[in-house]
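Engineer: Numbering (mature numbering (1 follows the signal peptide of the UniProt record, and there is no 0)), first residue to last: -18 to -1, 1 to 213. Beta carbons are placed, not taken as given, at the ideal position from N, Cα and C, and that holds for glycine. Given the structure is predicted, the values throughout are model-derived calculations rather than measurements. Structure below; questions to follow.
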Amino acid sequence: MRLSTLITPAVLAAAVLASSEPASDSSSSSSSSSSSSSASEEPTPVASPWAQLWSSESLTDYDSLCKSTTTLNAEIYTLGEMYPALKDWAPELKVFYHKQEYPGSWDGVDGHGNERTLMKMEKADLPATVREWIKNNEKQRHFSIHDDVVFFAPGAMYPILPLWVEEPDDEASFGDCEGVFTDLENYVREPKDGGVIASLEHKSTSKNKIELKIEARQLRLKKDTRRRDEL
């Protein structure tokens, strides 16, 4: 299922923070009648509200002003695999994931229960821009920090996906990307002139180990398309 209206990932990233704020007494009292009927229902995940609404075909009208790809490695587990693999962190992780809405696995899909997945990475292995975002957003509740180790669900990556991509070293080949990916206001779900799109691929390399490939690019409407649209 896809949202019919466009929600920018920058807004969704802000929503990640807002989701951890307690509701006011007035709002909870005014909605008591409706909440009683829905409280027993497990929330249906909106299939990745930040999911890309583009394909290779929809990009034919655009050139890439800049493009970069980052490859990372991580460990991945289901909640059912916490013991014994993650026994040192399991008690705190259980508390952590019970305090806020689970952001989903790949593409935001929620397997529910013990099938929910979470990834483990060394904090030092996170891109500097992601570490900076976590540091600057103390109220975020989707990245659980344990000393030098970070746990997060795959779905937590999507609202800030361009931050996972490092700027390319070869400007001549990939364009000038300086500062382009760090501004989430540029991040869009549908192609547009000047917008930044991003994608995430993953593959298993061995038991509980995966490789992540994140690509981001800034789009520019082709001149021919621009002239055609102006007619």
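Mind pulling the beta strand (DSSP E) runs of 3 or more residues that sit fully within the stretch 24 to 95?
Structural biologist: 44 to 60
Engineer: Where does R199 sit, in a helix, a strand or coil, going by DSSP?
Structural biologist: For the purposes of this step, residue 199 is taken as residue 217 along the sequence shown, with counting starting at 1. Strand.
Engineer: Which same chain residues end up closer than 7 Å to L41 when comparing Cβ atoms and leaving out the 5 residues on each side of it in sequence?
Structural biologist: For this step, residue 41 is matched to residue 59 along the sequence shown. Excluding sequence neighbours, L41 sits near P173.
Engineer: DSSP three-state label for V147, please.
Structural biologist: The residue labelled residue 147 in the question sits at position 165 within the sequence shown. Coil.
Engineer: Just to confirm before moving on: does the CB-CB distance between L182 and M139 stay below 8 Å?
Structural biologist: As a position in the sequence shown, residue 182 is number 200, starting the count at 1. As a position in the sequence shown, residue 139 is number 157, starting the count at 1. For L182 and M139, yes; Cβs fall inside 8 Å.
Engineer: Leaving aside the five residues before and after E23 along the sequence, list all residues of the same chain whose C-beta is less than 8 Å from its C-beta, in chain order.
Structural biologist: Taking the first residue of the sequence shown as 1, we reach residue 23 at position 41. The predicted position of E23 is uncertain, since its pLDDT is 42 and thus under 50; a value taken from the coordinates is nonetheless stated next. So the list is empty, once near-sequence residues are dropped.
Engineer: Less than 8 Å separating the beta-carbons of V147 and T53?
Structural biologist: Stepping through the sequence shown from its first residue, residue 147 is reached at position 165. Stepping through the sequence shown from its first residue, residue 53 is reached at position 71. No, they are not a contact pair.
Engineer: So, at 6 Å on beta carbons, what are the nonlocal neighbours of A180 in its own chain, with the 5 sequence-adjacent residues on each side left out?
Structural biologist: Counting from 1 along the sequence shown, the entry for residue 180 is found at position 198. The answer, listed in chain order, is L143, P144, A198.
Engineer: Go through its chain and collect everything with a Cβ distance to N190's Cβ below 8 Å, but skip five positions before and after it.
Structural biologist: What you label residue 190 is simply residue 208 of the sequence shown in a count that begins at 1. Once the five neighbours on either side are set aside, the close Cβ partners of N190 are E57, I58, Y59, E63, A67.
Engineer: Taking buried to mean at least 16 other C-beta atoms within 10 Å of its own C-beta, is V77 buried or exposed?
Structural biologist: Counting from 1 along the sequence shown, the entry for residue 77 is found at position 95. That one is exposed.
Engineer: Compare the Cα-Cα distances from H128 to each of L201, A72, I192 and report the closest residue.
Structural biologist: In the sequence shown, the residue the question calls residue 128 occupies position 146. When C-alpha distances from H128 are compared across L201, A72, I192, the shortest belongs to A72.
Engineer: Does the distance from the CB of E149 to the CB of E167 come in under 8 Å?
Structural biologist: Here residue 149 is taken as the residue at index 167 of the sequence shown, counted from 1. Here residue 167 is taken as the residue at index 185 of the sequence shown, counted from 1. For E149 and E167, no; Cβs fall outside 8 Å.
Engineer: Can you name the start and end residues of the beta strand (DSSP E) that K102 belongs to?
Structural biologist: Indexing the sequence shown from 1 puts residue 102 at position 120. First-last of the beta strand (DSSP E) with K102: 99 to 104.
Engineer: Between G86 and G137, which are expected to be in contact by the criterion C-beta below 8 Å, what is the C-beta distance as a whole number of angstroms?
Structural biologist: Within the sequence shown, numbered from 1, the residue matching residue 86 stands at position 104. Within the sequence shown, numbered from 1, the residue matching residue 137 stands at position 155. At roughly 3 Å, the Cβ-Cβ gap stays under 8 Å, so G86 and G137 are in contact.
Engineer: Taking the alpha-carbon positions, what's the E114 to S38 distance?
Structural biologist: Walking along the sequence shown from the start, residue 114 turns up at place 132. Walking along the sequence shown from the start, residue 38 turns up at place 56. Each residue's Cα considered, the two are about 31 Å apart.
Engineer: Rounding to the nearest angstrom, what Cα-Cα distance links D130 and M103 in this structure?
Structural biologist: As a position in the sequence shown, residue 130 is number 148, starting the count at 1. As a position in the sequence shown, residue 103 is number 121, starting the count at 1. Rounded to whole angstroms, D130 to M103 spans 9 Å at the Cα level.
Engineer: For L201 and R171, what's the separation of their Cα atoms in angstroms?
Structural biologist: Looking up residue 201 in the sequence shown gives position 219. Looking up residue 171 in the sequence shown gives position 189. Each residue's alpha carbon lies about 12 Å from the other.
Engineer: Could you spell out the range, first to last residue, of the alpha helix (DSSP H) harbouring I142?
Structural biologist: Here the question's residue 142 lines up with position 160 in the sequence shown. Here I142 belongs to no alpha helix (DSSP H), and DSSP marks it neither H nor E.
Engineer: Exposed or buried, what is D151 when buried is set at 16 or more other beta-carbons lying within 10 Å of its beta-carbon?
Structural biologist: For the purposes of this step, residue 151 is taken as the residue at position 169 of the sequence shown. Looking at its Cβ environment, which holds fewer than 16 other Cβ atoms inside 10 Å, D151 is exposed.
Engineer: Quick check on DSSP: helix, strand or coil for L182?
Structural biologist: If you number the sequence shown from 1, residue 182 lands on position 200. Assigned with DSSP and collapsed to three states, L182 falls in strand.
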